[in-house]
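Worksheet: the structure to be examined is printed underneath.
Protein chains: 2
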Amino acid sequence: MSAKRSPAVTLKSIAAEMGVSVTTVARALKDGDRISPEMVDRVRATATRMGYVRNLEGARLRTGKTFVIMAFLGLSPEEEVGDSGSVGLLNGIHARLASTDYAVRAVPVSAAEQSLDRVRDVVQGRLADGIVLDHIGLQDERVKYLLEADFPFVTFGRTELLSAHSWFDIDNEHAAWQGTDALLRDGHRRIALIDGDMGQTFVRQRLRGYERALSEHGLSPDPALRFHAEPSAEAARGIAADLAGENRADAFLCVNEMVLLGARAGVRARIGAGIDGIGFAMRAGTNLASYVGGRIHASHFSRRQSGWELADLLLRQIGGADRASCQKLVRTDLVTT
Amino acid sequence: MSAKRSPAVTLKSIAAEMGVSVTTVARALKDGDRISPEMVDRVRATATRMGYVRNLEGARLRTGKTFVIMAFLGLSPEEEVGDSGSVGLLNGIHARLASTDYAVRAVPVSAAEQSLDRVRDVVQGRLADGIVLDHIGLQDERVKYLLEADFPFVTFGRTELLSAHSWFDIDNEHAAWQGTDALLRDGHRRIALIDGDMGQTFVRQRLRGYERALSEHGLSPDPALRFHAEPSAEAARGIAADLAGENRADAFLCVNEMVLLGARAGVRARIGAGIDGIGFAMRAGTNLASYVGGRIHASHFSRRQSGWELADLLLRQIGGADRASCQKLVRTDLVTT
Numbered sequence: 059m060s061a062k063r064s065p066a067v068t069l070k071s072i073a074a075e076m077g078v079s080v081t082t083v084a085r086a087l088k089d090g091d092r093i094s095p096e097m098v099d100r101v102r103a104t105a106t107r108m109g110y111v112r113n114l115e116g117a118r119l120r121t122g123k124t125f126v127i128m129a130f131l132g133l134s135p136e137e138e139v140g141d142s143g144s145v146g147l148l149n150g151i152h153a154r155l156a157s158t159d160y161a162v163r164a165v166p167v168s169a170a171e172q173s174l175d176r177v178r179d180v181v182q183g184r185l186a187d188g189i190v191l192d193h194i195g196l197q198d199e200r201v202k203y204l205l206e207a208d209f210p211f212v213t214f215g216r217t218e219l220l221s222a223h224s225w226f227d228i229d230n231e232h233a234a235w236q237g238t239d240a241l242l243r244d245g246h247r248r249i250a251l252i253d254g255d256m257g258q259t260f261v262r263q264r265l266r267g268y269e270r271a272l273s274e275h276g277l278s279p280d281p282a283l284r285f286h287a288e289p290s291a292e293a294a295r296g297i298a299a300d301l302a303g304e305n306r307a308d309a310f311l312c313v314n315e316m317v318l319l320g321a322r323a324g325v326r327a328r329i330g331a332g333i334d335g336i337g338f339a340m341r342a343g344t345n346l347a348s349y350v351g352g353r354i355h356a357s358h359f360s361r362r363q364s365g366w367e368l369a370d371l372l373l374r375q376i377g378g379a380d381r382a383s384c385q386k387l388v389r390t391d392l393v394t395t
Numbered sequence: 059m060s061a062k063r064s065p066a067v068t069l070k071s072i073a074a075e076m077g078v079s080v081t082t083v084a085r086a087l088k089d090g091d092r093i094s095p096e097m098v099d100r101v102r103a104t105a106t107r108m109g110y111v112r113n114l115e116g117a118r119l120r121t122g123k124t125f126v127i128m129a130f131l132g133l134s135p136e137e138e139v140g141d142s143g144s145v146g147l148l149n150g151i152h153a154r155l156a157s158t159d160y161a162v163r164a165v166p167v168s169a170a171e172q173s174l175d176r177v178r179d180v181v182q183g184r185l186a187d188g189i190v191l192d193h194i195g196l197q198d199e200r201v202k203y204l205l206e207a208d209f210p211f212v213t214f215g216r217t218e219l220l221s222a223h224s225w226f227d228i229d230n231e232h233a234a235w236q237g238t239d240a241l242l243r244d245g246h247r248r249i250a251l252i253d254g255d256m257g258q259t260f261v262r263q264r265l266r267g268y269e270r271a272l273s274e275h276g277l278s279p280d281p282a283l284r285f286h287a288e289p290s291a292e293a294a295r296g297i298a299a300d301l302a303g304e305n306r307a308d309a310f311l312c313v314n315e316m317v318l319l320g321a322r323a324g325v326r327a328r329i330g331a332g333i334d335g336i337g338f339a340m341r342a343g344t345n346l347a348s349y350v351g352g353r354i355h356a357s358h359f360s361r362r363q364s365g366w367e368l369a370d371l372l373l374r375q376i377g378g379a380d381r382a383s384c385q386k387l388v389r390t391d392l393v394t395t
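Quick mapping for you: the protein sequence lines, in order, are chains A and B. If you're matching positions, the first sequence starts at 59 in the numbering used here and goes up one per residue. If you're matching positions, the second sequence starts at 59 in the numbering used here and goes up one per residue.
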């Protein structure tokens with residue numbers, strides 16, 4: 059490799075040149091935290107003039123940090139539409155880390171496999187400074203292990219464990235209530251729920267919101283209108299075609315974009331233009347609804363923003379914040395097209 | 059942090075225990091390359107029994123490698139549908155690296171900004187072992203710099219530079235020819251092209267394919283049917299509504315999923331059920347077409363697969379392969395729904 063290395067310009071020599079402290083120079087070159095914008099500009103100009111180049115090796119050795127975040131995500135084998143994997147999360151994690159020295163290693167996991175061994179490898183081998191976990195179980199073994207090891211981590215979604223840990227979550231009960239309520243206000247009465255597997259925390263939360271909205275409108279939930287499985291467009295297509303064809307449902311509350319598209323395709327194939335009388339609502343991480351045509355209620359929260367928040371909570375912990383203070387719950391916006 | 063470190067079990071002590079070479083142990087624990095599966099199992103079992111944990115710090119110091127890949131990508135601020143950013147690429151890059159020790163740092167860039175300074179920082183500060191570049195210009199300054207610095211990199215798309223460099227690309231001329239040809243075989247004659255900005259290599263390649271298909275069917279291209287701009291659903295919606303309403307176009311060749319959805323929304327708003335007489339084709343990185351309804355020709359190549367191939371070519375170069383040998387062109391599949 060013929061790329062030239064600069065001579066040994068250090069934080070110390072820049073500080074001496076400018077007559078300021080090494081801490082000031084370090085902060086100005088890193089993220090400008092607690093330094094005036096003018097000083098940041100002055101330090102950066104001096105550093106450039108002197109030929110300073112950053113090198114992470116020194117910081118690694120000095121701090122014992124790896125500057126790596128491990129993200130255990132459900133990476134989908136095919137790029138799908140919307141909420142079918144953690145690709146949006148990954149985007150947001152990278153976006154938050156772009157202004158830092160951190161790199162990401164993504165560990166693909168499925169909801170079924172809990173990957174405890176891989177988590178243990180990271181902690182024991184010090185392969186990263188912190189961990190992001192998705193597909194959280196009610197009694198997640200990985201969370202128990204990481205709490206015991208006192209290793210920085212954040213989960214996307216909550217557990218039912220009593221010990222406080224850092225998490226970011228969307229208020230799923232509210233989101234499902236919001237969509238169901240919107241469909242009821244449109245006059246629909248037989249609202250089918252097409253949702254994920256009941257083993258996942260967020261599915262139980264959604265079910266509560268759905269039933270609460272029905273009960274507020276004086277309706278009791280009909281078990282024949284509830285479908286729980288690994289979400290897929292194909293399955294939703296079949297369910298919706300059956301229900302709409304036999305006039306059993308007049309609206310669909312869908313767990314994500316894929317399920318909404320599948321349900322709409324099924325209804326359209328079965329009753330054609332009659333689809334205009336059927337209501338649709340979904341939880342959404344994209345603005346897909348604007349392009350589909352027809353009235354759709356979307357409970358929207360960006361998955362990219364979710365990834366950003368996860369990385370932010372994790373960085374705060376790595377920086378020393380108490381893990382119980384690193385929790386965040388956000389509500390979805392109802393967007394009707 | 060209370061996570062316990064193992065005692066100093068090394069590759070050497072495992073090799074001594076088993077009576078095999080250190081190289082065998084290292085390969086078995088890394089990727090199993092050139093080692094029998096049985097030996098991999100035996101080595102891993104011994105390592106686990108002896109309490110061996112991997113630690114990258116040693117490898118970093120020994121090899122001088124950072125085990126970081128920098129990916130300069132157009133990360134979209136909102137999670138969009140399909141080909142609107144490099145999120146699918148990022149997914150594929152992570153998937154390829156999952157079996158290695160590499161982490162990724164994503165540097166968000168827009169097509170307009172060429173980020174030469176950031177590339178120079180990476181090389182001079184040795185912040186990574188290799189670089190992935192997207193949004194490639196015909197005479198890309200970053201490519202020129204990296205060739206001169208002899209630093210491992212791979213581009214998504216080709217340049218017009220004479221020096222050989224490593225790239226991965228989709229055969230865009232073929233993809234556009236394929237879509238146009240399919241529309242012509244369906245009987246369409248006035249095919250509008252809604253594509254990206256002409257400053258990008260792939261847009262010129264697509265234009266050639268579009269014009270070649272027309273000419274093979276005895277038609278000359280009509281400049282009034284060609285639209286070049288930063289692709290967006292909104293713009294496509296307006297263009298398609300105008301053209302369909304005034305009966306000027308009977309089909310649309312769309313650069314990606316967003317543009318297709320926008321164009322369909324525009325046509326539907328303007329001529330309603332008349333949309334069934336209008337042809338649609340697009341370049342696609344997702345299976346969106348199956349859920350939209352209506353006949354759509356998709357020239358499909360997975361963006362995740364593209365990311366996988368980019369990371370693979372880059373690893374080969376970091377491993378010492380000649381950059382001129384690290385080039386790959388793939389053809390899209392025509393999928394008609």
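Cβ coordinates follow ideal geometry from the N, Cα and C atoms, glycine included. Predicted, not measured: the structure shown is a model, and the values here were computed from it.
Exercise. Identify, in the order they occur along the chain, each residue of the same chain with its Cβ nearer than 6 Å to the Cβ of residue 362 of chain A, setting aside the five sequence neighbours on each side.
Key: 146, 149 and 150
Exercise. Say whether chain A places a C-beta atom closer than 9 Å to the C-beta of residue 152 of chain B.
Key: yes
Quiz item: Using Cβ-Cβ distances below 7 Å, what residues of the segment 314-326 of chain B are close to chain C?
Solution: Included in the structure are the protein chains A and B, with no chain C among them.
Exercise. Mark residue 331 of chain A as exposed unless 16 or more other C-beta atoms lie within 10 angstroms of its C-beta, in which case mark it buried.
Key: exposed
Quiz item: Is residue 60 of chain A helix, strand or coil by DSSP?
Solution: Confidence is the limiting factor: at residue 60 of chain A the pLDDT is only 39, short of 50, which leaves the residue's position unreliable, though a coordinate-based value still follows. Residue 60 of chain A falls in the coil class under three-state DSSP.
Quiz item: Does the beta-carbon distance from residue 121 of chain A to residue 115 of chain B come in below 9 Å?
Solution: no
Exercise. Tell me, please, which residues DSSP counts as bridged to residue 342 of chain A.
Key: A/358
Quiz item: Which stretch, first to last residue, makes up the beta strand (DSSP E) that contains residue 185 of chain A?
Solution: It is not in any beta strand (DSSP E) - residue 185 of chain A carries neither H nor E in the DSSP assignment.
Exercise. Would you please verify whether the beta carbon of residue 166 of chain A is less than 9 Å from any beta carbon of chain B?
Key: yes
Exercise. With 9 Å as the threshold, decide whether the Cβ of residue 290 of chain A is near any Cβ in chain B.
Key: no
Quiz item: Going along chain B in order, which residues have a C-beta closer than 7 Å to the C-beta of residue 161 of chain A?
Solution: 126, 161, 162 and 163
Self-check item: Contact list for residue 145 of chain A against chain B, beta-carbon separation under 9 Å
Solution: 137, 145, 146, 148, 149 and 362
Quiz prompt | Three-state class that DSSP yields for residue 386 of chain B in the structure shown | solution = strand
Quiz item: Does any C-beta atom of chain A lie closer than 9 Å to the C-beta of residue 300 of chain B?
Solution: no
Practice problem: Write down every uninterrupted run of the beta strand (DSSP E) in the segment 263-313 of chain B whose length is 3 residues or greater and which is fully enclosed by it, in chain order. | Solution: 284-286 and 309-312
Self-check item: Neighbouring residues, chain A, relative to residue 351 of chain B (Cβ below 9 Å)
Solution: 322, 323, 326 and 327
Quiz prompt | Span separating the alpha-carbon of residue 377 of chain A from that of residue 312 of chain A | solution = 39 Å
Practice problem: Return no unless some Cβ of chain B is closer than 9 Å to the Cβ of residue 429 of chain A. | Solution: Here chain A has residues from 59 to 395 only, and residue 429 of chain A is not among them.
Quiz item: Quick one: Cα of residue 159 of chain A to Cα of residue 126 of chain A, how far?
Solution: 9 Å
Quiz item: Ends of the alpha helix (DSSP H) at residue 163 of chain A?
Solution: Careful: residue 163 of chain A lies outside any alpha helix (DSSP H), inside the beta strand (DSSP E) at 161-166.
Quiz item: Does any C-beta atom of chain A lie closer than 9 Å to the C-beta of residue 179 of chain B?
Solution: yes
Quiz prompt | Under 9 Å by beta carbon: chain A residues contacting residue 191 of chain B | solution = Those within 9 Å of residue 191 of chain B in chain A number zero; the least Cβ separation is about 16 Å.
Exercise. Taking residue 133 of chain A as the query, report the chain B residues whose CB atoms sit under 7 Å from its CB, ordered along the chain.
Key: 149, 152 and 153
Quiz item: If residue 103 of chain A sits next to residue 93 of chain A, beta carbons under 8 Å apart, how far is it from one beta carbon to the other, in whole angstroms?
Solution: Actually they do not touch by this definition, with Cβ atoms about 14 Å apart.
Practice problem: Look at the alpha carbon of residue 310 of chain B and the alpha carbon of residue 144 of chain A, and state the distance between them as a whole number of angstroms. | Solution: 32 Å
Practice problem: Take residue 387 of chain A as the anchor and find which of A/228, A/71, A/191 and A/133 has the nearest alpha-carbon. | Solution: A/228
Self-check item: Residues that residue 393 of chain A bridges to, as DSSP identifies them
Solution: A/356
Quiz item: Can the beta-carbon of residue 385 of chain B be found less than 9 Å from the beta-carbon of residue 130 of chain B?
Solution: no
Quiz item: Start and end of the alpha helix (DSSP H) containing residue 323 of chain B?
Solution: 315-329
Quiz item: residue 129 of chain B lies in the alpha helix (DSSP H); which residues open and close that run?
Solution: Element bounds for residue 129 of chain B: not the alpha helix (DSSP H) but the beta strand (DSSP E), 126-131.
Quiz item: Taking buried to mean at least 16 other C-beta atoms within 10 Å of its own C-beta, is residue 269 of chain A buried or exposed?
Solution: buried
Self-check item: Residues near residue 117 of chain A by beta carbon distance below 8 Å, same chain, minus five either side
Solution: 123, 125 and 159
Practice problem: Have a look at residue 374 of chain A and residue 368 of chain A and give me their C-alpha separation to the nearest angstrom. | Solution: 10 Å
Quiz item: Among B/304, B/246, B/182 and B/208, which one has its Cα closest to the Cα of residue 67 of chain A?
Solution: B/182
Quiz item: Within the present structure, is the beta-carbon of residue 249 of chain A separated from the nearest heavy atom of the ligand SAH by less than 8 Å?
Solution: Summarising the ligand content, the structure contains no ligands, and the ligand SAH is consequently not present.
Exercise. Alpha carbon to alpha carbon, how far is residue 73 of chain B from residue 79 of chain B? Give it in angstroms, no decimals.
Key: 6 Å
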